[in-house]
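A.B. asks:
There are 2 protein chains.
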Amino acid sequence: MVKRTRFNDSDCPVARSIDAIGDWWSLLIVRDAFDGSRRFGEFQRGLGVAKNILAARLRTLVDGGILDVVPASDGSAYNEYVLTPKGRDLFNVIVALRQWGEAHFFAPDEPHSEMVDRRHGHPLRALEVRSTDGRRLNAGDTVVNKVGHPGRGT
Amino acid sequence: MVKRTRFNDSDCPVARSIDAIGDWWSLLIVRDAFDGSRRFGEFQRGLGVAKNILAARLRTLVDGGILDVVPASDGSAYNEYVLTPKGRDLFNVIVALRQWGEAHFFAPDEPHSEMVDRRHGHPLRALEVRSTDGRRLNAGDTVVNKVGHPGRGT
DNA sequence: TTCGATCGGTTGCATCTTGCTACCAGCCGA
DNA sequence: TCGGCTGGTAGCAAGATGCAACCGATCGAA
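Protein sequences, first through last, are from chains X and C. Numbering follows my numbering, with no gaps: position 39 of the first sequence is 39. Numbering follows my numbering, with no gaps: position 80 of the second sequence is 1080.
1. Less than 6 angstroms between C-beta atoms, sequence neighbours within five positions excluded: which residues of the same chain meet that for X/Ala-139?
2. Do three or more CB pairs link the stretch 1026-1039 of chain C to the stretch 7-26 of chain X at distances below 8 angstroms?
3. Quick check: the Cα distance between X/Trp-100 and C/Ser-1131, rounded to an integer number of angstroms?
4. Please report the residue range of the beta strand (DSSP E) in which X/Thr-142 lies.
5. Could you have a look at X/Asp-68 and say whether DSSP puts it in helix, strand or coil?
6. Since I believe X/Asn-92 is in contact with C/Val-1062 (beta carbons under 8 angstroms), could you give me their beta-carbon distance rounded to a whole number of angstroms?
7. If the cut is a Cβ gap below 8 angstroms, which residues of chain C does X/Asp-74 touch?
8. Between X/Arg-39 and X/Glu-80, which are expected to be in contact by the criterion C-beta below 8 angstroms, what is the C-beta distance as a whole number of angstroms?
9. Quick check on this structure: which residue in X/Asp-89, X/Arg-98, X/Arg-119, X/His-104 has the alpha carbon closest to the alpha carbon of X/Ser-113?
10. How many Å lie between C/Arg-1118 and X/Asp-141 at the Cα?
11. Mind checking whether the beta-carbon of C/Arg-1057 lies closer than 6 angstroms to any heavy atom of the ligand PLP?
12. Following the continuous beta strand (DSSP E) through X/Asp-117, name the residue where it begins and the one where it ends.
13. Would you identify the three-state DSSP class for X/Asn-52, choosing helix, strand or coil?
14. Does chain X have any CB closer than 7 angstroms to the CB of C/Pro-1013?
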C-alpha cells in the first residue's frame, strides 16, 4: 500500500503533521498514552472505540514512529504501546487543544478533566507564542512564507 | 439535527476541541484563514478540496462559532469567511502542529512554508509548557485529574 | 445591454472509510 | 484442563468522501 497523502500542500508542516497523525482517534490515543495508558485494553476502555479501529490506529501510529511496541512491563506475554520521543513531542499539541477546549467549551464552574502541575497540583500557564527575542506574538504579528515566495510578499 | 458527539469522554477538553473542529480539513481551513484566505474560492484553490466538502466544512465552522460570514471587503456582492475570536484562539494549536511537523518531517535543508515574526522575519521560538510559577514542564511533570478523581490518584 | 467568464455553491453517484457484531486464537490463574 | 480475559480479525451495513456535472447570481468588458 503506497502512502497516500491526503492534502495537496505537503510543503506545509501543519499538513504533514495532520497527515502523520492520521485521524482524531489517533490523537486521543496519544492523549491517553500521555495519561498513562499502555495496553490495548486500556485504550479501548478509555476511548470506547471499536477494536478494529483501535488496532488499525495503533498500527499506523507505530508505523509512523509515534508509538513503540514493547514487551509488557508486568511480565505477562502481552505487548504495551509507549510513546516514542517523537510521540512525546506532541505534548504541546495536546496542551494547546486542551487549553482551547477549556476556554471555549466549559461553563466556568463545569467540571472537566484537568491537567495540572504534578508538583503543586496547579493548572498550567496558558501557552504563549513568542518571537526569538521574547516578545509575545499573536496571529497578526506573524506571516507565513510559502516556499518559493520568500520575504514579505508585497 | 441533534449534535452528535463522536467521543465518549466529553468531559475532556481535548475531546471537545476535536469534536468542535470536526475534521482535519476544517483545521486546514483555519490555517489558511490565518494566512489570509477569506473567500470560498481562495480556500478551494489553497486546499484543493472538493467544493461540496468545503461548503459543508465552512458551514460547520460558522455554526461552531469559529468562522463568521461577513460581506466582502472589496465591495462585491459575495461573502467572506473570517475568524472569530474563538477561531483566532486556535493559533496555539496551529503553531504547535507546525512546530511538530517542522521538527519531524523535514530534512534540515528541505524547503517548507515557514511562519515568521512579521517584524524581523525570524522563525518563532518553540512553544513551552510552563507551570503557573514559570517552571518548564514536560509530559512527565504533569498529571491529569479525571472528573470525580481529584488528587494525585495513587 | 449583452455576453462570456467567474464565483459560490448544490446534486447525484461511485467509492472509501467507519463502526458494530461476531468470532477466535493465545494466555493465565486455579 | 477449564473457564475467563486479552488482543485481536472478518464480514457487513451505514455513513462520509470525492468527483463531475450542473446552475443561478455576479462581474467585467465591449
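Ideal Cβ placement from N, Cα and C applies to all residues, glycine included.
C.D. replies: Considering the structure as presented:
1. Counting only Cβ-Cβ distances below 6 angstroms, and skipping sequence neighbours, we find nothing.
2. Verdict: yes, contact present.
3. Taken atom to atom, the span from the alpha-carbon of X/Trp-100 to that of C/Ser-1131 is near 17 angstroms.
4. For X/Thr-142, the enclosing beta strand (DSSP E) starts and ends at 142-145.
5. Here X/Asp-68 carries a strand assignment [DSSP, helix/strand/coil].
6. So it is not a contact: roughly 28 angstroms between Cβ atoms.
7. Within 8 angstroms Cβ-Cβ: nothing; X/Asp-74 doesn't reach chain C, min ~18 angstroms.
8. The beta carbons of X/Arg-39 and X/Glu-80 sit about 6 angstroms from each other, so the pair counts as a contact at 8 angstroms.
9. Residue X/Arg-98 is the option with its Cα nearest to X/Ser-113.
10. Using only the alpha carbons, I get a separation of about 5 angstroms.
11. With respect to the ligand PLP, the structure shown offers nothing to examine, as it has no ligands at all.
12. Looking at the DSSP string, the run of the beta strand (DSSP E) that includes X/Asp-117 is 114-117.
13. Of the three classes helix, strand and coil, the one that applies to X/Asn-52 here is helix, per DSSP.
14. Taking Cβ atoms only, chain X reaches closer than 7 angstroms to C/Pro-1013, which makes this a yes.
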